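**Student:**
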Amino acid sequence: MKSWMIAVCLVVVGHVSAMKDFPTLNHLRPSSSIADQSLAAQQLIGRVLGVDLASHFNVTVTGAKVLDSFNIISDGNTVFITATTGVAAAMGFYYYLKVHCGRQFTWAGQQLNIPSPLPAIAQPGITIMANDRFRYYQNVCTVSYSMAWWDWSQWEQHIDWMAMNGINLPLAFTGQEAVFQKTYMKLGFTADDLKMHWGGPAFLAWSRMGNMHGWGGPLPQSWIDNQLALQHQILARMRDLGMIPVLPGFSGLVPENFTRLYPNASVSRLSDWGGFNSSYCCTYLLDFEDPMFNKIGSTFIQTMQDEFGTDHIYNADSFNEMDPKSSSPSYLKTAGSAVYNAMATADPQAIWLMQGWLFQSPFWTPEPTKAYLTSVPIGKMIVLDLIAEGSPIYVRTQSFYGQPFIWCMLHNFGGTMELFGNIDAINNGPFKGRQFTGSTMVGIGLTPEGIFQNEAIYEFMNENAYAKSPRNLTEWFTNYTVQRYGGYHSDADQAWQLLRQTVYRGSVRSTMGLAQLRGSATSVPTLRPQLPARYPPSSALNNKDGLRDHSRGVIPTSRPSLKQHLPDVWYDTKLLYMAWKHMLNAAPKFSNNSLFRYDLVDIGRNSLQMLSIQYYTAILAAYQNQSIDALDKAGGAMMNILSDLELLLGSDPHFLLGPWIRDARSWGVTASEADLMEYNARNQVTLWGPTGEIRDYAAKQWAGLISGYYAPRWGKFIGMLALCVSQ
């Protein structure tokens, strides 16, 4: 046995002995052969670097262990990567690119100017072992807020990114409507019976969770069929790389006309989630004790196995942002058992993966929480501690009462774009989770509602897969700028150090910037992120001052109101503006670097967003003082800043509305279908509902959306105030 493999085995034995062991999870392993995984990882390198350069990399996959590891050796001409799985090999490849070549591969682009000769690593090489069994990825909302319109080329590149960052447990929800359609048709339903059961293409995440149904639909059959074909491609690539895809399970949601065919079935209606009218709200839930529950759930799993095969892990959430009808422990034990048993009837090796988001609700006191979690045999459920960086559940549930859990960073709501990150919590939290008394932690995860924002935070979080201790943040951000821009520049470094001290210090805060805008200094206590309004903050949040760390209430993209709803500012805004100035100083050196240009726009965008606060407050003050001159001045300044924001955003392709609309329309087979897709796309990022039920929750600062929607809305508001003052 090679010396590096012996060393890894010794480390693994010591590591595992300090962890709670879950033999029930040992069958969650790559389904593809080591030869296929080696080939898939080698082909990934070819897609990233090109065939010629990729020929200087040699991948060998040895076989899965409890914990992934990789070894890298380089003689300057060839880099040899030996790893336990294809994912581990891809992670080793990216580790080499980042740490030894100073390069980066992210959502916004790549900086891949590889040095020649290749950096050498003498034998026995560098061996890195993952800290946990799993690295999970995706919120159930991510696929709608960020991936709704992706074709295979976009999925292919993103799966490469996933593998390079070590993701081995990805959610794979695409195409499930086709499987549900086949399941219900076996039970006697027709396609027409199901038309209002699902939401439109941009709203599928919420109809899948039972939050609403029908809005944005009906779902075209062409969409159902084409998404099924896409899912086959997605699963094939994930499995080739050694990932373990998480497929959907049955949570109990049934079509509105279910009792027409099954009049004796016991069904109830879920509560109104978002203020939708009766056409779209209050999805039907099949009673957990009804015999049809197991029949539908097991038929669905079996139908899905016939279509896709299985990796034995399924996600289902019966009570996402909607409390159960009873807090009785017996009821909740029955509910949990029913969901799991439906999986296990068709797949005796089934593992239920559940989002732990529901436990943020005050409904879930210890007794009902324990009843629900222990309704399933210990080790047959994995819980995602969905917002562990802000409101960890494991600390108040005795580590989920023995069920294994994954420490997740949620970070983002609605795919909004404000620069933010609780870097200290992300740096220390996973280590605290592993060290917690009786910890059942088995992994880390990324669970943002939307992506394409705050790339530094995700690069940082992904390194928790193998980081052995919290990192020196000053050093990390310096290295980040070098990897991102391909070289060092003191101004670029200083810009990111300022961002580290401001927007990315969500746990150590002051409102100095906002106080300056108001004309007085104010300090606030330390806090954790606040949940969206639909879930009141729990005591675990320690949210005493009510600040929010996500971008609800951002001035340019929020509906204007006479009620002053200023956004939360937890840092000195002058430091943000200084960071933007430093980036401008570094521009001559990095002007040809696409990632630098992206960051220059992004930091500038956030700076203009913060500047708009003072104009908004001036507009309100002018109206209150009934001063038309002051209102004209402040209103003009606000419209000018929106114009500047539109111009700035239009300078980079990542900040445009057009691609979102173009990609949406591409899924329409007919003109009417293309129009439906576009309507879905536009509604999600604006009204989010028939009449603005969740208005601006998924707001985007995109060129085209600023000039075509937000600026006209502000213009109408300012004009209305001027009319009132002048009368």
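When you line the sequence shown up against mature numbering (1 follows the signal peptide of the UniProt record, and there is no 0), it's residues -18 to -1, 1 to 709, in that order.
Here a beta-carbon is modelled for each residue, glycine too, at the ideal position from N, C-alpha and C.
None of these values were measured; they are calculated from a predicted model.
Considering only the alpha carbon of each residue, which of Ile405, Thr463, Pro635 lies closest to Lys571?
**Tutor:** Residue 571 sits at position 589 when you count from the first residue of the sequence shown. Among Ile405, Thr463, Pro635, the Cα nearest to that of Lys571 belongs to Thr463.
**Student:** Can you tell which of Ile226, Lys80, Ser126 has the C-alpha that lies nearest to the C-alpha of Pro183?
**Tutor:** Taking the sequence shown and counting its residues from 1, one reaches residue 183 at position 201. Among Ile226, Lys80, Ser126, the Cα nearest to that of Pro183 is on Ser126.
**Student:** Within a Cβ cutoff of 6 angstroms, which residues of the same chain sit near Ile610, ignoring the five residues on either side of it in sequence?
**Tutor:** Taking the sequence shown and counting its residues from 1, the one referred to as residue 610 is at position 628. If we look at Ile610 and ignore the five residues flanking it on each side, its Cβ neighbours are Val707, Ser708.
**Student:** Note down, in chain order, each residue of its chain lying with its Cβ closer than 6 angstroms to the Cβ of Leu639, except the 5 sequence neighbours on either side.
**Tutor:** Your numbering for residue 639 matches position 657 in the sequence shown. If we look at Leu639 and ignore the five residues flanking it on each side, its Cβ neighbours are Trp684, Gly686, Leu687.
**Student:** DSSP three-state call for Phe395: helix, strand or coil?
**Tutor:** In the sequence shown, the residue the question calls residue 395 occupies position 413. Coil.
**Student:** With distances taken between CB atoms, is the gap from Val43 to Ile149 smaller than 8 angstroms?
**Tutor:** For this step, residue 43 is matched to residue 61 along the sequence shown. For this step, residue 149 is matched to residue 167 along the sequence shown. Going by C-beta atoms, Val43 is not nearer than 8 angstroms to Ile149.
**Student:** Give the range of the alpha helix (DSSP H) segment to which Pro412 is assigned.
**Tutor:** Here the question's residue 412 lines up with position 430 in the sequence shown. Taken as a continuous stretch (DSSP letters only), the alpha helix (DSSP H) holding Pro412 covers 405 to 417.
**Student:** Need the endpoints of the beta strand (DSSP E) that Leu79 sits in, please.
**Tutor:** What you label residue 79 is simply residue 97 of the sequence shown in a count that begins at 1. No beta strand (DSSP E) contains Leu79, which DSSP labels as neither H nor E.
**Student:** Measuring CA to CA, which of Lys47, Gly45, Phe4, Phe62 is closest to Ile27?
**Tutor:** On the sequence shown, residue 27 is found 45 positions in, with the first residue counted as 1. Measuring from the Cα of Ile27, the nearest candidate turns out to be Phe62.
**Student:** Which residue comes first and which comes last in the alpha helix (DSSP H) that contains Tyr597?
**Tutor:** Position 615 of the sequence shown, counting from 1, holds the residue named residue 597. Segment 576 to 606, the alpha helix (DSSP H) holding Tyr597.
**Student:** Could you say which of Ile333, Arg29, Thr351, Ala332 lies nearest to Phe341 if we only look at CA atoms?
**Tutor:** For the purposes of this step, residue 341 is identified with residue 359 of the sequence shown, where counting begins at 1. The residue with the shortest Cα to Cα distance from Phe341 is Thr351.
**Student:** Phe382: which of Gly32, Gly338, Ile585, Ala561 sits nearest, CA to CA?
**Tutor:** Along the sequence shown, read from residue 1 onward, the residue named residue 382 stands at position 400. For the residues Gly32, Gly338, Ile585, Ala561, the minimum Cα distance to Phe382 belongs to Gly338.
**Student:** Got a sec, what are the start and stop residues for the beta strand (DSSP E) Pro106 sits in?
**Tutor:** Taking the first residue of the sequence shown as position 1, residue 106 is located at position 124. Element bounds for Pro106: 103 to 111.
**Student:** Tell me which residue opens and which closes the beta strand (DSSP E) that Val424 is part of.
**Tutor:** Against the sequence shown, residue 424 aligns to sequence position 442. Start and end: 423 to 428.
**Student:** Where does Ser56 sit, in a helix, a strand or coil, going by DSSP?
**Tutor:** Here residue 56 refers to the residue found at position 74 of the sequence shown. The answer is strand: DSSP assigns Ser56 an E or B state.
**Student:** Please report the straight-line C-alpha distance between Pro549 and Phe402, rounded to a whole angstrom.
**Tutor:** Here residue 549 refers to the residue found at position 567 of the sequence shown. Here residue 402 refers to the residue found at position 420 of the sequence shown. Going from the Cα of Pro549 to the Cα of Phe402 covers about 13 angstroms.
**Student:** Answer yes or no: do Gly372 and Trp389 have a C-beta to C-beta separation smaller than 8 angstroms?
**Tutor:** Looking up residue 372 in the sequence shown gives position 390. Looking up residue 389 in the sequence shown gives position 407. No, the pair does not count as a contact, with Cβ atoms beyond the cut-off.
**Student:** Looking at the strands, I want to know which residues DSSP matches up with Pro230.
**Tutor:** Stepping through the sequence shown from its first residue, residue 230 is reached at position 248. Asn297.
**Student:** Which partner residues does Ala685 have in the DSSP bridge list?
**Tutor:** Residue numbering aside, residue 685 sits at position 703 when the sequence shown is read from its first letter. According to DSSP, which records beta bridges pairwise, Ala685 is partnered with Leu638.
**Student:** Mark His393 as exposed unless 16 or more other C-beta atoms lie within 10 angstroms of its C-beta, in which case mark it buried.
**Tutor:** Taking the sequence shown and counting its residues from 1, the one referred to as residue 393 is at position 411. Label assigned to His393: buried.
**Student:** Where does Ile676 sit, in a helix, a strand or coil, going by DSSP?
**Tutor:** Start at 1 with the first residue of the sequence shown, and residue 676 comes out as number 694. Correct three-state label for Ile676: coil.
**Student:** Would you say Gly224 faces chain D, with C-beta separation under 8 angstroms as the test?
**Tutor:** This model lacks chain D altogether, as it is built from one protein chain only.
**Student:** Cβ of Ile234 within 8 angstroms of Cβ of Ser189?
**Tutor:** For the purposes of this step, residue 234 is identified with residue 252 of the sequence shown, where counting begins at 1. For the purposes of this step, residue 189 is identified with residue 207 of the sequence shown, where counting begins at 1. Just to set this straight, residue 234 is Gly in the shown sequence, not Ile. No, the Cβ-Cβ distance between Gly234 and Ser189 is not below 8 angstroms.
**Student:** Would you call the segment 218 to 233 in contact with the segment 135 to 146, where contact means no fewer than 3 C-beta pairs closer than 8 angstroms?
**Tutor:** Yes, they touch.
**Student:** Looking only at its own chain, which residues have a Cβ that is under 6 angstroms from the Cβ of Phe4, when we skip the five neighbours before and after it?
**Tutor:** Taking the first residue of the sequence shown as 1, we reach residue 4 at position 22. So the list reads Gly361, Pro386, once near-sequence residues are dropped.
**Student:** Contact between the segment 49 to 68 and the segment 15 to 23: three or more CB pairs below 8 angstroms?
**Tutor:** Enough Cβ pairs lie closer than 8 angstroms, so yes.
**Student:** Thinking residue 712 and Ile364 are a contact (beta carbons under 8 angstroms), I'd like their distance in whole angstroms, please.
**Tutor:** Shown here, the chain extends from -18 to 709; a query on residue 712 therefore has no answer.
**Student:** Any idea what DSSP makes of Asn40, helix, strand or coil?
**Tutor:** As a working note, residue 40 is residue 58 in the sequence shown. Reduced to three states, the DSSP call for Asn40 is strand.
**Student:** Going by C-alpha distance, which of Thr172, Leu613, Asp57, Ile369 is nearest Ile426?
**Tutor:** Indexing the sequence shown from 1 puts residue 426 at position 444. With distances taken between Cα atoms, Ile426 lies closest to Ile369.
**Student:** Go through its chain and collect everything with a Cβ distance to Lys168's Cβ below 8 angstroms, but skip five positions before and after it.
**Tutor:** Translated into positions along the sequence shown, residue 168 becomes position 186. Cβ within range, chain order: Thr281, Thr285.
**Student:** Quick one: what does DSSP say Val365 is sitting in, helix, strand or coil?
**Tutor:** To locate residue 365, count along the sequence shown from 1; it is residue 383. In the structure shown, Val365 sits in a strand (DSSP, three-state: E or B).
**Student:** In or out: Ser98 buried (at least 16 other Cβ within 10 Å) or exposed?
**Tutor:** Taking the sequence shown and counting its residues from 1, one reaches residue 98 at position 116. Result: exposed.
**Student:** Give me whichever residues DSSP pairs with Cys263 in a beta bridge.
**Tutor:** For this step, residue 263 is matched to residue 281 along the sequence shown. DSSP, once it has assigned bridges, lists no residue as partnering Cys263.
**Student:** For a test of the three-state rule: what should DSSP assign to Ala65, helix, strand or coil?
**Tutor:** Sequence index remark: in the sequence shown, residue 65 carries index 83 (1-based). DSSP places Ala65 in strand when its eight states are reduced to three.
**Student:** In terms of residue numbering, what span does the alpha helix (DSSP H) encompassing Gln203 cover?
**Tutor:** Working through the sequence shown from its first residue, we reach residue 203 at position 221. Looking at the DSSP string, the run of the alpha helix (DSSP H) that includes Gln203 is 203 to 222.
**Student:** Whole angstroms is fine: what's the gap from residue 715's alpha carbon to Ile700's?
**Tutor:** As displayed, the chain neither begins before -18 nor continues past 709, which places residue 715 out of reach and without an answer.
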